[in-house]
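Shown next, in the form of structure tokens:
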């Protein structure tokens with residue numbers, strides 16, 4: 329199981345590509361640099377899925393994103409850089 333953000337750095341949108349996930353409910357969160365959740369959504373995923381997030385409401389900066397399964401186990405936490413045009 330894996331999650332990857334593309335493009336990264338991102339400007340207008342980012343795609344979170346989830347791969348090889350067992351069938352479950354997952355929560356995708358984006359945190360600001362001090363750890364506050366600034367975006368969150370839940371998905372039912374089996375196998376592979378791309379999740380597109382529009383970034384017009386985000387400030388420029390460095391964020392963390394995290395995908396967790398229905399039991400709260402973290403699949404991955406990685407860094408996302410958002411630039412503005």
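Residue numbers (this note's numbering): 329 to 413.
C-beta atoms are modelled at their ideal positions from N, C-alpha and C, and glycine is treated no differently.
Source: prediction; values computed, not measured.
Rounded to the nearest angstrom, the gap between the Cα atoms of residue 385 and residue 351 is 31 Å.
In terms of Cβ geometry, residue 383 and residue 342 form a close pair [threshold 9 Å]. Counting along the chain, residue 375 sits inside the beta strand (DSSP E) bounded by residues 365–382.
Following the DSSP letters along the chain, one finds residue 404 inside the beta strand (DSSP E) bounded by residues 402–410.
Note on residue 333: 16 or more other CB atoms within 10 angstroms of its CB, so buried under the neighbour-count rule. Here residue 352 carries a strand assignment [DSSP, helix/strand/coil]. In the three-state DSSP reduction, residue 333 falls in the strand class (E or B).
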